[in-house]
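Report on the following structure.
In the UniProt record's numbering, the protein residues as written are 1 to 73.
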């Protein structure tokens, strides 16, 4: 099963964005989605899929907590 992850954009240069995932910084492609530092985004396979609304971000945070509780990651 593949799972997309929620992260926060730290910086953008061209079509690349540095995204923070709970302290891990990863470069992701943002060619099709306009992002800016501070945006919360959904990333899968190194590509930003979408900018998350506040509600979506809260849901992802809750889901991550459940995954951590059951030892999923």
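Ideal Cβ positions, reconstructed from N, Cα and C, are used throughout, including at glycine.
- Here the alpha carbon of residue 54 sits roughly 10 Å from the alpha carbon of residue 39.
- Residue 20 is a Cβ neighbour of residue 7, given a cutoff of 8 Å.
- A direct Cα-Cα distance of roughly 8 Å separates residue 51 from residue 33.
- In the displayed model, residue 53 falls within coil according to three-state DSSP, outside both helix and strand.
- Ranked by Cα distance from residue 4, the options 10, 35, 28 and 37 are led by 28.
- For the pair residue 31 and residue 60, the Cα-to-Cα distance works out to about 23 Å.
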